[in-house]
Amino acid sequence: MSRRLWLEWLGVFLACCAMCAFFQFQSPYLPEPDVYFHIKAAALLRQHGFFREGFPWAHLSMWRDGYSDGSPLYHLLLIPFTFGDLTSGAKTAGVLFSGLAFSSFFMILTLNRVPHRVYWFWLLLAGGGFFWWRLLDVRPQVLSVTILMWSLHFLINGRTRAFALLCFLYPFAYVAAFLPVVFAAIRWAYLKAAEDRSEHRILLAGLGAYALGMLLHPYFPKNLLFFYVQNILVVWAAVSQNIDLSLGGEIFPLDTRQLLAAHFPLLFHLAGTLFVFMHRRPPLSRRTLVLFPIMLLVAGMALISKRFVEYAVPVATLFCAFAGSDILAGWSAPDPFAKPHPRVAPLAVAWLACVALATGSWVMVVRGQYARLRPPVFAGLARELRARAPAGELIYTCDWDEPPELLFFNDQHRYLVMMDPMFMYYRDPKLWGVWGRVSNGILSPDETYRAFRERFGTRFGVCGRKFDALRALIGGDRRYRILAEDEGGYAFEVLPAAAKGRGPRGTASGRPSSR
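One gets our numbering by counting positions in the sequence shown from 1 and adding 3 to each.
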């Protein structure tokens, strides 16, 4: 790119960072448990290096012996933000990564000479609340979106070396690194079928670079097992629903009302493009033709799981921009945006008002979501455990999304499983079943006690408020001691069988709670 384009990108990047900071700093808190893990993982990586022998903080998951970081590049890039306050560092990093993703889309429009690029960028910003949430999150998928968009740009423009370079780097950034190779295969198949051309060079270059990246991954060969579990088993469990793993909500699809409400400007453009092609046949560029089946793929992925919305929205918006450029280029009348036709101008103004209304509504929704972020739920309980339980102790947790926050505040102890319940289920399905029954208070008091002492080998535990059934079960049993309790949950100790309770109904006498 020329110096002028680099300067333009810098200006757009700074503007996008300001936009993202407006949302990110509505609250001093982090948006979700996974964010606590990622910034803490970066800090631990700085202190200990790569965990090739396993991740000891997830003691009863496949991470214990077979840990593979699905996003080592992302965590390396987070390290500069771990030298001060981790919360502020995470939010600052989130602003920069999100700004890079948004500004990359604008520059891709610029490099492809798409007319009215500001409008198409605006259409991206009207992509819905969940899209905004995923792009503002401090998680690896934001870097993944940036790499995916640039790899798609290089693919449709035949930039073999640049495409291969990103295919090599992608496995270090995210578990969805195979997508550019899939896009290249779609491009090859389409050109072979439609034009009887075999442009396989860029496909083979991307495939080879991806394979090399997987081989040189710092956790090879464990990254191959991680790929299988994360990209196949987790998705299969969500789609088939044969096993209720209590997966995160992002793995499931948007319902129809959410889909239509969140993405109506983009859906309207897709329908409008189809309407135009039903009545006239403007010549289409190869980039538009190639992007169409790729867009169908990512749209289908988003219908299966809303975690793919962050890919579907920019790819579909880019397709609309390319198709719109082709339609305007073949228009016999003057450009309706440059010189409004008497019949077009009122419709265009009404449509722009609708897009502005949609954008404004989503800005208010997302701003409200960030302004209402809650303080960390387990901060007090984590500090209480750190003071009461010996270092290295295995802490029982009732859910897989509790340990990330506990680890953030207390890395002196080990936990059962974090980030995904499949990691425990894959390692020991029977133990996973016992875990669910214990956490939900289904087992008898004696069975619960034996499970703590024998199956899990835990002497201390912490659980959130949605597991109050277990709290009721152990609260009146003198084989347990409640160490601390607040609105977020409770911490407890499992006493030896011969021990007697030191307070009424298992509460430690004379000890303050973390409230």
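Even glycine gets a Cβ: it sits at the ideal position worked out from N, Cα and C.
Own chain, CB closer than 6 Å to residue i, minus 5 neighbours either side, in chain order
i	result
Leu48	His78
Ala341	Low confidence applies to Ala341: its pLDDT is 49, below 50, so where it sits in the model is not reliable, and the reading given next is rough at best. Hits under 6 Å: none found.
Arg514	Reliability fails at Arg514, whose pLDDT of 33 lies under 50, so the model's placement of it is uncertain and the value that follows must be treated cautiously. Answer for Arg514: no residue qualifies.
Ala326	Thr276 and Thr291
Pro349	none
Arg482	Tyr452 and Leu498
Arg462	Val497
Phe470	Cys401 and Ser442
Arg200	Leu194
Arg508	Per-residue confidence for Arg508 stands at a pLDDT of 44, beneath the threshold of 50, marking its modelled position as unreliable; the derived number appears in the next sentence. Excluding positions up to five away in sequence, the list reads Gly478 and Gly479.
Met65	Phe426, Tyr429 and Arg430
Same chain, Cβ closer than 7 Å to residue i, five either side skipped, listed in chain order
i	result
Phe271	none
Asp338	In this prediction, Asp338 has a pLDDT of 48, which is less than 50 and means its spatial position is unreliable; what the coordinates show is noted afterwards. Cβ within range, chain order: Leu331.
Leu248	Ala240, Pro424, Met425 and Tyr428
Ile528	Since the displayed the chain opens at 4 and closes at 518, residue 528 lies outside it and no answer follows.
Pro448	Leu476 and Asp480
Gly14	none
Met4	none
Ala21	none
Ile205	Leu158, Gly161, Thr163, Phe166 and Ala187
Leu10	none
Ile189	Pro296, Ile297 and Leu300
Ala176	Ser74, Leu76, Tyr77, Pro143, Leu146, Ser147 and Ile150
Sequence-distant residues of its chain with Cβ nearer than 8 Å to residue i (five each side left out)
i	result
Tyr32	Thr90, Leu376, Arg377, Pro378 and Pro379
Gly467	Val380, Phe381, Cys401, Asp402, Glu405, Gly491 and Gly492
Val141	Leu33, Pro34, Val38, His41, Ile42, Ala93, Lys94, Ala96, Gly97 and Phe100
Thr362	Trp125, Leu128 and Ala129
Phe86	Gly92
Arg67	Gly57, Phe58, Pro59, Ala61 and Arg430
Asp329	Pro285, Pro286, Leu287, Ser288 and Thr291
Segment limits, beta strand (DSSP E) that includes residue i
i	result
Asp489	Tyr483 to Asp489
Leu445	Per the sequence shown, the amino acid found at residue 445 is Ile instead of Leu. Unbroken run through Ile445: none, as it is neither H nor E.
Gly57	Careful: Gly57 lies outside any beta strand (DSSP E) and carries neither H nor E.
Tyr399	Ile398 to Thr400
Phe463	Phe463 to Gly467
Val312	First-last for Val312: Val312 to Ala332, but that is the alpha helix (DSSP H), not the beta strand (DSSP E).
Range covered by the alpha helix (DSSP H) that runs through residue i
i	result
Val148	Pro143 to Ile159
Ile111	Leu89 to Leu114
Ala302	Arg289 to Ile307
Glu11	Arg6 to Gln27
Val497	Taken as a continuous stretch (DSSP letters only), Val497 belongs to no alpha helix (DSSP H), being part of the beta strand (DSSP E) at Gly492 to Val497.
Pro75	Pro75 to Leu81
Pro183	Leu182 to Glu198
Leu169	Thr163 to Leu172
Val121	Arg120 to Leu128
Gly216	Arg204 to Leu218
Met427	Met425 to Arg430
Trp136	Gly132 to Leu139
From the options, residue whose alpha carbon lies closest to that of residue i
i	options	result
Leu384	Asp449, Asp68 and Leu486	Leu486
Ala374	Val15, Phe16 and Phe26	Phe26
Pro499	Asp489, Pro286 and Arg484	Arg484
Cys19	Arg290, Leu446, Ser101 and Gly444	Ser101
Lys433	Phe459, Val293 and Ile205	Phe459
Ser308	Leu321, Ile254, His266 and Ala359	Ile254
Thr259	Ser243, Phe278, Ala305 and Gln244	Ala305
Ala196	Ser107, Val293, Pro118 and Phe171	Val293
Gly73	Gly436, Gln144 and Gln29	Gln144
Pro224	Ile189, Tyr70, Phe280 and Leu419	Tyr70
Phe495	Phe84, Phe322, Leu397 and Leu446	Leu397
Leu207	Arg200, Cys170, Val121 and Phe54	Cys170
Tyr3	Val121, Arg6, Phe295 and Phe105	The requested residue 3 does not occur in the structure, where the chain is confined to residues 4 to 518.
Leu473	Asp414, Ile445 and Ala212	Ile445
Min CB distance residue i to chain D below 8 Å
i	result
Phe25	In the structure shown, chain D does not exist; there is a single protein chain.
Proximity test, residue i beta-carbon vs the ligand PLP heavy atom, cut-off 7 Å
i	result
Val117	The model on display carries no ligand, and the ligand PLP is accordingly not part of it.
Is it the case that the region 417 to 429 contacts the region 445 to 454, given that we only count it when at least three CB pairs across the two stretches are under 8 Å?
Contact check between the region 445 to 454 and the region 417 to 429: fewer than three CB pairs, one atom from each, fall below 8 Å, which does not count as touching.
Between the region 350 to 370 and the region 117 to 134, can you find at least three pairs of beta-carbon atoms closer than 8 Å?
Cβ pair count under 8 Å is three or more, so yes.
Runs of alpha helix (DSSP H) lying entirely within the region 222 to 282, each at least 4 residues, in chain order
Counting only runs of 4 or more residues that sit fully inside the region 222 to 282, the alpha helix (DSSP H) segments are 225 to 231, 237 to 243 and 259 to 282, in chain order.
Segment contact, 8 Å Cβ cut-off, at least three pairs: the region 158 to 169 with the region 129 to 143:
No, the region 158 to 169 is not in contact with the region 129 to 143.
Under 8 Å, with one C-beta from each stretch per pair, do the region 213 to 220 and the region 253 to 271 reach the 3-pair mark?
The region 213 to 220, when compared against the region 253 to 271, does not touch it at the 8 Å Cβ threshold.
Is the region 184 to 201 in contact with the region 229 to 236, if contact means three or more CB pairs nearer than 8 Å?
Segments in contact, no.
Does the region 361 to 369 come close enough to the region 134 to 150 to have 3 or more Cβ pairs within less than 8 Å?
By the C-beta criterion, the region 361 to 369 is judged to be in contact with the region 134 to 150, since at least 3 inter-stretch pairs fall below 8 Å.
Cβ contact (3+ pairs, closer than 8 Å) linking the region 96 to 112 and the region 148 to 163
The answer is yes - the region 148 to 163 touches the region 96 to 112, with three or more Cβ pairs under 8 Å.
Is there contact here, the region 295 to 310 with the region 384 to 394, by at least three beta-carbon pairs under 8 Å?
The region 295 to 310 is not in contact with the region 384 to 394.
Minimum length 4: unbroken alpha helix (DSSP H) runs contained in the region 339 to 389
Runs found: 347 to 374.
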